[in-house]
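S.K.: Residue numbers for the sequence shown follow the numbering used here, beginning at 314 and rising by one. Using N, Cα and C, we set each Cβ at its ideal position, and we do this for glycine too. Predicted, not measured: the structure shown is a model, and the values here were computed from it.
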Amino acid sequence: MDKKHIECIRGDITKLEVDVIVNAANIKLIGGGGVDGAIHRAGGPEIMYECDRIRQEKGGCPTGEAVYTRAGNLPAKYVIHTVGPVYDHSSPDRNRRLLDSCYRSSMSLAKQLKMKSIAFPNISTGVYGYPKEAAAHVALEALGRALQEPGSIERVVVVCFDEENYDLYRALLT
Ligand code: AR6
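1. How is S437 classed by DSSP in three states: helix, strand or coil?
2. Using only the alpha-carbon positions, how far apart do D475 and R323 sit?
3. What are the start and end residues of the alpha helix (DSSP H) that includes C364?
4. Alpha carbon to alpha carbon, how far is E370 from K424?
5. Examine the ligand AR6 and report whether any of its heavy atoms sits within less than 6 angstroms of the Cβ of Y441.
6. Would the C-beta of V451 count as close to the ligand AR6, meaning under 6 angstroms from any of its heavy atoms?
7. What whole-angstrom Cβ distance do I326 and P434 have, given they're in contact under 8 angstroms?
8. On the DSSP letters alone, give me the boundaries of the beta strand (DSSP E) that C473 sits inside.
9. How about the segment 411-431 and the segment 354-361: do they share at least three Cβ pairs that are nearer than 8 angstroms?
10. From which residue to which residue does the alpha helix (DSSP H) around E454 run?
11. When the Cα of H450 is compared with those of L329, R366, H394 and L481, which residue comes out closest?
12. Does the beta-carbon of G356 have 16 or more other beta-carbons within 10 angstroms, so that it is buried, or is it exposed?
13. Taking contact to mean 3 or more Cβ pairs, one atom from each stretch, closer than 8 angstroms, check whether the segment 392-406 and the segment 426-444 are in contact.
14. Does the separation of the CB atoms of I340 and V396 fall below 7 angstroms?
15. Just list the residues that DSSP pairs R407 with in beta bridges.
16. At which residues does the alpha helix (DSSP H) containing E477 begin and terminate?
17. So, for A452: in the same chain, excluding its five sequence neighbours on each side, which residues have a beta-carbon less than 6 angstroms away from its beta-carbon?
18. At the level of alpha carbons, what is the spacing between A484 and V471?
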């Protein structure tokens, strides 16, 4: 197998033993439902404490960008919080550019932190309404590009919670 690779699994990202897990957060970093809720519940209050500090210092995290906190009780070392676009049917290019930027910014931050393994959820494909197939193409293109660039990351895991996303990724990765 290639030393640097992308794999997909079906499951709960909070259980993963990787260096970094990525959260699909909101611009205020105030927590919410979906994967964001699951990460804060499983990780405990330390993660929100650090999100509060980031909000006080810089107002939160703009769409398409990424910030990091420690991971509290999770097996990971860090959580990278990125904010996907709320899908806007009238702006396909903007949706794509912002989602691409989430994956790119998260990979870049993980490399700055000298991390070797990272797990992503299917950003924006829950309450933010991004069509799953289109999002999977954007994600894999961005991750493939980021893996080709120099840096510490050797293992990227896409964690699919729902069957539709899992089937899509499995088909695209095999
Ligand atoms: N592990 C992995 N993936 C999960 C998990 C989990 N434990 N739980 C849900 N998913 P969403 P968004 C999947 O709605 O669309 C939050 O309230 C889920 O099946 O979590 O980016 C934030 O605070 C879906 O495929 O994120 C924001 O306000 C994917 O995670 C807003 O939702 C993303 O769904 C962000 O919306």
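M.R.: In short, the structure shows the following:
1. coil
2. 7 angstroms
3. P358 to K371
4. 23 angstroms
5. yes
6. no
7. 5 angstroms
8. R468 to C473
9. no
10. K445 to Q461
11. L481
12. buried
13. yes
14. yes
15. The partner list for R407 (beta bridge, DSSP) is empty, contrary to what the question assumes.
16. E476 to L486
17. Y416
18. 13 angstroms
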